[in-house]
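Visitor: Chains A and B, in that order, are what the protein sequence lines are. Just so we're aligned: the first sequence equals residues 782 to 1425 in our numbering. Just so we're aligned: the second sequence equals residues 782 to 1425 in our numbering. Note that the Cβ used here is the ideal one computed from N, Cα and C, for glycine as well.
There are 2 protein chains.
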Amino acid sequence: MEYSNSSNADPQSCLEIAMEVHRVVPPPHESTLRKLKTTLKETFFPDDPLRQFKGQPTRKKWVLAAQYIFPILQWGPDYSLKLLKSDVVSGLTIASLAIPQGISYAKLANLPPIVGLYSSFVPPLVYAVLGSSRDLAVGPVSIASLILGSMLTQEVSPVNDPVLFLQLAFTTTFFAGFFQASLGFLRLGFIIDFLSKATLIGFMAGAAIIVSLQQLKALLGITHFTKKMGLVPVLSSVFHNTNEWSWQTILMGSCFLVFLLVARHVSIKKPRLFWVSAGAPLVSVILSTLLVFAFKAQHHGISIIGKLQEGLNPPSWNMLQFHGSHLGLSIKTGIVTGIISLTEGIAVGRTFAALKNYKVDGNKEMMAIGLMNMVGSSTSCYVTTGAFSRSAVNHNAGAKTAVSNIVMSVTVMVTLLFLMPLFQYTPNVVLGAIIVSAVVGLIDIPAACQIWKIDKFDFIVMLCAFFGVIFISVQDGLAIAVGISIFKILLQITRPKTVMLGNIPGTDIFRDVHHYKESMKIPGFLILSIEAPINFANSTYLNERVLRWIEEYEAEDHKKQSSLRFVIFEMSAVSGIDTSGTSFFKELKKTVETKGAELVLVNPLGEVMEKLQKSDETGEFMRPDCLFLTVGEAVATLSATIKV
Amino acid sequence: MEYSNSSNADPQSCLEIAMEVHRVVPPPHESTLRKLKTTLKETFFPDDPLRQFKGQPTRKKWVLAAQYIFPILQWGPDYSLKLLKSDVVSGLTIASLAIPQGISYAKLANLPPIVGLYSSFVPPLVYAVLGSSRDLAVGPVSIASLILGSMLTQEVSPVNDPVLFLQLAFTTTFFAGFFQASLGFLRLGFIIDFLSKATLIGFMAGAAIIVSLQQLKALLGITHFTKKMGLVPVLSSVFHNTNEWSWQTILMGSCFLVFLLVARHVSIKKPRLFWVSAGAPLVSVILSTLLVFAFKAQHHGISIIGKLQEGLNPPSWNMLQFHGSHLGLSIKTGIVTGIISLTEGIAVGRTFAALKNYKVDGNKEMMAIGLMNMVGSSTSCYVTTGAFSRSAVNHNAGAKTAVSNIVMSVTVMVTLLFLMPLFQYTPNVVLGAIIVSAVVGLIDIPAACQIWKIDKFDFIVMLCAFFGVIFISVQDGLAIAVGISIFKILLQITRPKTVMLGNIPGTDIFRDVHHYKESMKIPGFLILSIEAPINFANSTYLNERVLRWIEEYEAEDHKKQSSLRFVIFEMSAVSGIDTSGTSFFKELKKTVETKGAELVLVNPLGEVMEKLQKSDETGEFMRPDCLFLTVGEAVATLSATIKV
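#1: Please go through the same chain and pick out, in chain order, the residues whose beta-carbon is closer than 7 Å to the beta-carbon of A/Asn1022, but skip the five residues on each side of it.
#2: Taking Cβ-Cβ distances below 7 Å as the criterion, which residues of the segment 1006-1033 of chain A are in contact with chain B?
#3: Should B/Glu1091 be labelled buried (16 or more other beta-carbon atoms within 10 Å of its own) or exposed?
#4: Would you kindly work out how many angstroms separate the C-alpha atoms of A/Cys795 and A/Pro1405, rounded to a whole number?
#5: Suppose contacts are defined by Cβ-Cβ distances below 9 Å. Is A/Ser1172 in contact with A/Leu981 by that definition?
#6: Please report how far the alpha carbon of B/Ser1069 lies from the alpha carbon of B/Ser1190, in whole angstroms.
#7: Is there a Cβ of chain B sitting closer than 9 Å to that of A/Ile1290, yes or no?
#8: Helix, strand or coil for B/Asn789? Go by DSSP, reduced to three states.
#9: Considering only their Cβ atoms, is the gap separating B/Ala1078 from B/Ser1058 smaller than 9 Å?
#10: Got a sec: is the Cβ-Cβ distance from A/Val944 to anything in chain B below 9 Å?
#11: So, using beta-carbon positions, are B/Asp1236 and B/Ala1417 closer together than 9 Å?
#12: At what residues does the alpha helix (DSSP H) containing B/Gly1213 begin and finish?
#13: Considering only residues of the segment 1347-1381 of chain B, which uninterrupted beta strand (DSSP E) runs meet the minimum length of 3 residues and lie entirely inside it, listed in chain order?
#14: So with CB distances below 7 Å, who are the chain B contacts of A/Ala1318?
#15: Quick one, which residues of the segment 975-1003 of chain A are near chain B if we go by CB-CB under 7 Å, in chain order?
#16: DSSP on A/Ser1254, reduced to helix/strand/coil?
#17: Kindly say whether B/Thr1124, judged by its beta-carbon, lies nearer than 9 Å to any beta-carbon of chain A.
#18: Looking at B/Ile1358: is its Cβ nearer than 9 Å to the Cβ of B/Ile1331?
#19: Let me make sure I understand the geometry here. Which of A/Gln1205, A/Ile1308, A/Lys1181 and A/Gln948 has the alpha-carbon closest to that of A/Lys863?
#20: For a quick check, are the C-beta atoms of B/Ser867 and B/Gly1179 less than 9 Å apart?
#21: Please identify the residue among B/Ser1320, B/Ala950, B/Glu1299 and B/Phe1291 whose C-alpha is closest to the C-alpha of B/Phe1306.
#22: Specify the secondary structure class of A/Met782 as computed by DSSP and reduced to three states.
#23: By DSSP, does A/Leu1309 sit in helix, in strand, or in coil?
#24: Does the separation of the CB atoms of A/Phe1409 and A/Glu1379 fall below 9 Å?
#25: Could you work out which residues of chain B lie near A/His1296, taking near to mean beta carbons separated by less than 9 Å?
#26: Nearest to B/Glu1333 by CA position, among A/Ile1116, A/Asp828 and A/Lys1371, is which residue?
#27: Could you say which of A/Gln882, A/Val1412 and A/Phe1365 lies nearest to A/Lys1392 if we only look at CA atoms?
#28: Within 10 angstroms of its Cβ, does B/Met1010 collect 16 or more other Cβ (buried), or is it exposed?
#29: Comparing C-alpha positions only, which one of A/Cys1036, A/Asp1239 and A/Leu929 sits nearest to A/Phe956?
#30: Return the chain-ordered list of same chain residues with a C-beta closer than 7 Å to the C-beta of B/Val1193, the five sequence neighbours on each side being excluded.
#31: Using a beta-carbon distance cut-off of less than 8 Å, what residues from the segment 1233-1265 of chain B approach chain A?
#32: Look at the alpha carbon of B/Val1412 and the alpha carbon of B/Pro1385, and state the distance between them as a whole number of angstroms.
#33: Which chain A residues are close to B/Gln1273, counting only those with a beta carbon under 8 Å from its beta carbon?
#34: Does the separation of the CB atoms of B/Ala950 and B/Ala890 fall below 9 Å?
#35: Does the beta carbon of B/Lys1088 come closer than 9 Å to any beta carbon on chain A?
#36: Could you spell out the range, first to last residue, of the alpha helix (DSSP H) harbouring A/Phe1037?
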């Protein structure tokens, strides 16, 4: 109290004090409009995509713009025979994977097998022109197929009403593409960031198990199988139909499953032998088809695909349905499959771009994938994206550019035109084995262990996603995990950390007294650091917490006989403030003063300082004896005042 | 590059370097369980309510516990005649306000007027025993009444089905109380913090306008009035029924409205004359009743309340409906009215507690208000809480303890027992005028201006709440405003600020180069400060943003010919990290190293350091030459290495 009296009596003295130390200055003035512009730019254009256009002549700008929209124009002119050789090898490799997987995944989505091949023909061509990743292998993927199939089956039966089901699948694909392209166009790509790595690992593992369970139908040769997806109904369906199990199917399935898993294992151990796992599915299809054909196994309990029509993708824009009672379902399914396939595509693109040290523009990729699906929806394709497993094979096989997608596409085209009759005798059990061996790779146990080690809460989120997918449903499991992740962020905001700082002896550094045991409290000073923006969600809490700090100080203080003189707030970590935050400081100032102490702020950042200044009619916060640039300077200056 | 070679060649040297400066040490080890305990304690018990029990003898603990649950035991024993005198004066004053307001607000909720008086009798008694605020005047409030009435009217007509409507109102009150008590019991009181001050100001102003518009029915004497709440339907209803306007009603209404508003204005200007505005409603009721009685005005177009039954609250627990088709509506309405009335009650309690320098425990208050409503729901009361206006009158009238609530309650009891017939001739138009004059105070234009001055975004939130309430609906307006507030917090997390630091000449202080114009960049160093926890929602953005910083540095650098050697991250403001955040640092380290530079971390906080350490098998991040306690020390030490 003497201190504040003396400083009131002699205003000169506090100016002198302020001169000795480094002044805290308000940030340079900026108009509201300019601040808004900066904020919008940072929010929507953090990568500053127009940077390269700056200071270029107009003609060059046009070229750059064309290259920006069609990345093929960037690398196309420099394309060489050497690159082509690599791309042909990798293109053929992924085609040998894409054909059996295409057929299998279409069955997973309850669609005719040929739609899977259609989807491996058109979308890769579109992506080759628009996409900026050099390693992405485009085509249908297991999880998006599963979700599309399961969500649409809720309202329409693919068996009783196959045409309507197909129409809804194409409409869903259109909405998925439209949603993806819009996210990219509106620069809202950050929405997919809300699917954290932990969520995805749990989700993928859960989905892999759900997908594998569905394959028990094909692997055991069961004809009456549940339409539900959950763990419980599927297992009960399996064990209530033991009379339908077919030993021939089980034998064949087990043999090929073991073969595929061994091939996978070999390629994981020796990446040079990538072609072992890449070729295994096609080899399995050919071998099993020959076996069935030779032994007429279709008459001995082994179900086969049956006759497939020849020919390229028929147009399907007339099948899109933008009205009717199922529109809501199509949109919902489109958004869920769109976001899931986008997450996979972008993550794959980024992973390989980082490996080869080039950049993939997230928002541009979203537009490319979105347009690819929109085009796909009018050419009899369903949702496609860049698949993890196939892109890895593509990368290992030495793909250099998107030409490998074109090679794959042409191979699929040849298959569609001439080879379709050959698949007539392919047994469904082998397709099931191919799916299981593909999705096994989605269960990433080492990553789960790593998450457990680093962050227990992330592990809980992962488990929620996993069990949610297995026991509730694919989309609900995902929603629960995302909800919990966001709840955690909000909780962190609601309960920001406040720590007490102490002086590290022999320096003017102040650090957390709990973390740095050697740091010492300064008698008469309570130095607190707040580590979050202060806003409506936490100002009440902070008020209570700070009062508790003060009361605890006073309780200790009772023994030490040195009364509290200054409460110093280290504000370096307070990155923002709102009107509730400014009220918090006003109230706190009053409370601290009733305790006979003074509130001192250290290093408020630009925006925080500006708002405190505006909320503060009396200029109380901005008094130079209440505002310092470092804790060290504040303590040094204010200790001197106590002695006076 | 030479630097990292030399340190590899001579590991001794980097140890020496580390010895010169202050070591960054990992925080003291804590088990997961202990950390969980601390986190839970900070989240749910920030005020540490059990602190006072520590170290007390068992008997004392029991006394303290009883006092904790029933605050009346705290102040009751010291109660004196002097305090009683103050409390009687203030109790009678608020009773004179509570009786007309009770009748009016019950009509606002489409309930029989007598329910408003019932609600001013039992709940204040319950609160007096359980509540910890000394100034709260308990009773029905305008906004909760409006919401309850409008939400229930959506499904049940109060005119055609009054008994069911009453049953639903009591059931809603029960759920509101149950929800409030649960929030308190589960220590989830922070949920009401999500209604920020800006949201509340916009919401209150919008609700005041909606409430006033509803009074046009009574003020203009219209008989066929819309059942909707929005601005547009009400105004259209008013101007389509001009033939029903009654000049006698309008004349009487205007006179009393002017009288009430003038009385309000007098009390605002001179708080000593609080009794002018406090007594005005009762005076209006008495005067207008006498006028109607004298002139038989009910036969001249002025509608009156009509016969009211005498007697105390009948029990109503048999009217609570926990099944049936309207259960969902009751629960929903209960949650909305519960949260709104809780917000008002807690805010009022805190405001007056701060004025008189005592503490109100938020969670305990919630339980008190919740229990009060649960008891109320079985004694014919509807939702009640502490009202802003009445508590202010209570405070100004000199209330010292909750006894003023008991005095008010007894006065209301006397009224219920003996005075009800006197209200038979009270005209509805005066009740309308009383409501309008009460809710006018909810429109706080100076606060809105202040918000505009300090924070433009908060202002937008406020406008959303305001226009949402006026044009859409009370509950949707509120939901939109809360949604936008949370979206803003999430956006802040998704796009954390990164700033470049420079050295303030003549010191070892490093600050934002944009804010402190005199600060200088150090050649060869890029010093960045991240001002948010790093998690899944922002790690992708941060990666892009940091790359842009590096590229911008290199572009500048091209001119300066001093290549980038160290990227220093000031981590003091990074309050938390998750698995995505640790991956971000791992990737960033690689990227920085491919650019020929070194990643250096400064002052990572306890939790962040621990997780980085766990995620880092090779010990790369924890090397003493990559980890410093202050930026100044890092730059000093590393500059020396460059010269070597």
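Guide: Taking the geometry as given:
#1: Position 241 of the first sequence holds residue 1022 of chain A. Ile1003 and His1005, listed in sequence order.
#2: The segment 1006-1033 of chain A vs chain B, Cβ under 7 Å: nothing.
#3: Locating residue 1091 of chain B in the second sequence gives position 310, where the first residue counts as 1. Per the 10 Å Cβ criterion, exposed.
#4: Against the first sequence, residue 795 of chain A aligns to sequence position 14. Against the first sequence, residue 1405 of chain A aligns to sequence position 624. With a pLDDT of 38 at A/Cys795, under the threshold of 50, the modelled position of this residue cannot be trusted, and the question is left open.
#5: By one-based count along the first sequence, residue 1172 of chain A stands at place 391. By one-based count along the first sequence, residue 981 of chain A stands at place 200. At a Cβ-Cβ threshold of 9 Å, A/Ser1172 and A/Leu981 do not count as neighbours.
#6: Numbered from its first residue, the second sequence carries residue 1069 of chain B at position 288. Numbered from its first residue, the second sequence carries residue 1190 of chain B at position 409. Their backbone Cα atoms lie some 25 Å apart in a straight line.
#7: Counting from one through the first sequence, the residue named residue 1290 of chain A turns up at place 509. So yes, A/Ile1290 belongs to the interface.
#8: Taking the second sequence and counting its residues from 1, the one referred to as residue 789 of chain B is at position 8. Low per-residue confidence applies at B/Asn789: pLDDT is 40, beneath 50, and the placement is therefore not dependable, though the value from the model is reported in the following sentence. In this structure, B/Asn789 counts as helix in the three-state DSSP scheme.
#9: Walking along the second sequence from the start, residue 1058 of chain B turns up at place 277. Walking along the second sequence from the start, residue 1078 of chain B turns up at place 297. Taking the C-beta atoms as reference points, B/Ala1078 is found no nearer than 9 Å to B/Ser1058.
#10: For the purposes of this step, residue 944 of chain A is taken as the residue at position 163 of the first sequence. Residue contact with chain B for A/Val944: absent (no Cβ-Cβ distance below 9 Å to any residue of chain B).
#11: Position 455 of the second sequence, counting from 1, holds the residue named residue 1236 of chain B. Position 636 of the second sequence, counting from 1, holds the residue named residue 1417 of chain B. Cβ atoms of B/Asp1236 and B/Ala1417: not closer than 9 Å.
#12: As a first step, residue 1213 of chain B must be located in the second sequence, where it is residue number 432. Run containing B/Gly1213: Asn1209 to Val1220, per the alpha helix (DSSP H) assignment.
#13: Those beta strand (DSSP E) runs which fall completely within the segment 1347-1381 of chain B and span 3+ residues are 1347-1351.
#14: The residue you call residue 1318 of chain A lines up with position 537 of the first sequence. Asp974, Phe975 and Ile1270, listed in chain order.
#15: Residues passing the 7 Å Cβ filter: Phe975, Ser977, Lys978 and Ala979.
#16: Numbered from its first residue, the first sequence carries residue 1254 of chain A at position 473. For A/Ser1254, the secondary structure class from DSSP, reduced to helix, strand or coil, is coil.
#17: Sequence index remark: in the second sequence, residue 1124 of chain B carries index 343 (1-based). No, its Cβ sits nowhere closer than 9 Å to a Cβ of chain A.
#18: Counting from 1 along the second sequence, the entry for residue 1358 of chain B is found at position 577. Counting from 1 along the second sequence, the entry for residue 1331 of chain B is found at position 550. In terms of Cβ geometry, B/Ile1358 and B/Ile1331 do not form a close pair [threshold 9 Å].
#19: Taking the first sequence and counting its residues from 1, one reaches residue 863 of chain A at position 82. Looking at the Cα atoms, A/Lys1181 is the closest of the given residues.
#20: Within the second sequence, numbered from 1, the residue matching residue 867 of chain B stands at position 86. Within the second sequence, numbered from 1, the residue matching residue 1179 of chain B stands at position 398. For B/Ser867 and B/Gly1179, yes; Cβs fall inside 9 Å.
#21: Against the second sequence, residue 1306 of chain B aligns to sequence position 525. The shortest C-alpha to C-alpha distance from B/Phe1306 to any of B/Ser1320, B/Ala950, B/Glu1299 and B/Phe1291 is the one to B/Phe1291.
#22: Position 1 of the first sequence, counted from the first residue, corresponds to residue 782 of chain A. Caution applies to A/Met782, whose pLDDT of 31 falls short of 50 and renders its modelled position unreliable; the value that the coordinates give is listed next. Correct three-state label for A/Met782: coil.
#23: Walking along the first sequence from the start, residue 1309 of chain A turns up at place 528. DSSP places A/Leu1309 in strand when its eight states are reduced to three.
#24: For the purposes of this step, residue 1409 of chain A is taken as the residue at position 628 of the first sequence. For the purposes of this step, residue 1379 of chain A is taken as the residue at position 598 of the first sequence. In this structure, A/Phe1409 keeps its C-beta atom at 9 Å or more from the C-beta atom of A/Glu1379.
#25: The residue labelled residue 1296 of chain A in the question sits at position 515 within the first sequence. Per Cβ cutoff of 9 Å: Val806, Pro807, Pro808, Pro809, Leu1386, Gly1387 and Met1390.
#26: Numbered from its first residue, the second sequence carries residue 1333 of chain B at position 552. Nearest C-alpha to B/Glu1333: A/Asp828.
#27: Start at 1 with the first residue of the first sequence, and residue 1392 of chain A comes out as number 611. Of the candidates A/Gln882, A/Val1412 and A/Phe1365, A/Phe1365 places its Cα closest to the Cα of A/Lys1392.
#28: What you label residue 1010 of chain B is simply residue 229 of the second sequence in a count that begins at 1. B/Met1010 is buried by the Cβ-count criterion.
#29: Here residue 956 of chain A corresponds to residue number 175 of the first sequence, with the count starting at 1. Checking every option, the nearest Cα to that of A/Phe956 belongs to A/Leu929.
#30: Counted from its first residue, the second sequence places residue 1193 of chain B at position 412. Cβ within range, chain order: Ala876, Ala879, Ile880, Leu898, Ser901 and Phe902.
#31: Closer than 8 Å at the C-beta level to chain A, one finds these residues of the segment 1233-1265 of chain B: Lys1234, Ile1235, Asp1236, Lys1237, Phe1238 and Asp1239.
#32: Stepping through the second sequence from its first residue, residue 1412 of chain B is reached at position 631. Stepping through the second sequence from its first residue, residue 1385 of chain B is reached at position 604. B/Val1412 and B/Pro1385: Cα-Cα distance of roughly 12 Å.
#33: Here residue 1273 of chain B refers to the residue found at position 492 of the second sequence. What B/Gln1273 touches in chain A: Pro1314, Ser1356 and Gly1357.
#34: Translated into the one-based positions of the second sequence, residue 950 of chain B becomes position 169. Translated into the one-based positions of the second sequence, residue 890 of chain B becomes position 109. A contact, by the Cβ cut-off of 9 Å.
#35: In the second sequence, counting from the first residue as 1, residue 1088 of chain B sits at position 307. Closer than 9 Å: no.
#36: Counted from its first residue, the first sequence places residue 1037 of chain A at position 256. Segment Trp1028 to Lys1050, the alpha helix (DSSP H) holding A/Phe1037.
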